[in-house]
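Take a look at the structure:
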């Protein structure tokens, strides 16, 4: 990410350990990230304990670093939303094959 080029959109699906470490070790990296979209937290119930969501619970310090990084385009999608928007086995191939990385992941 140190060379010039396209900006980066981060959509981590797990704990934020690596992203937080990168931000601490190289603070300028935040400028190269155009948007951060996180699945974190929840409004109704956690998925590890009644109150805790795994991605925050696994590394709360990393979550603090990323959430307090001052990034202007940081979106948090709560765990509850993932229960309402499901990608079924029937829809997944159609969705993922529309993007190059989807071909790799599927």
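In our numbering, the protein residues as written are 10 to 115. Glycine residues also receive a C-beta, built at the ideal position from the N, C-alpha and C atoms. Source: prediction; values computed, not measured.
- Residue 94: not part of any beta strand (DSSP E); DSSP gives it neither H nor E.
- Selection 68, 48, 72, 79 evaluated against residue 89 yields 48 as nearest (Cα-Cα).
- At the C-beta level, residue 19 and residue 42 come within 8 Å of one another.
- When the Cα atoms are used, residue 38 and residue 31 turn out to be separated by approximately 7 Å.
- In terms of Cα proximity to residue 22, the closest of 16, 46, 35 is 46.
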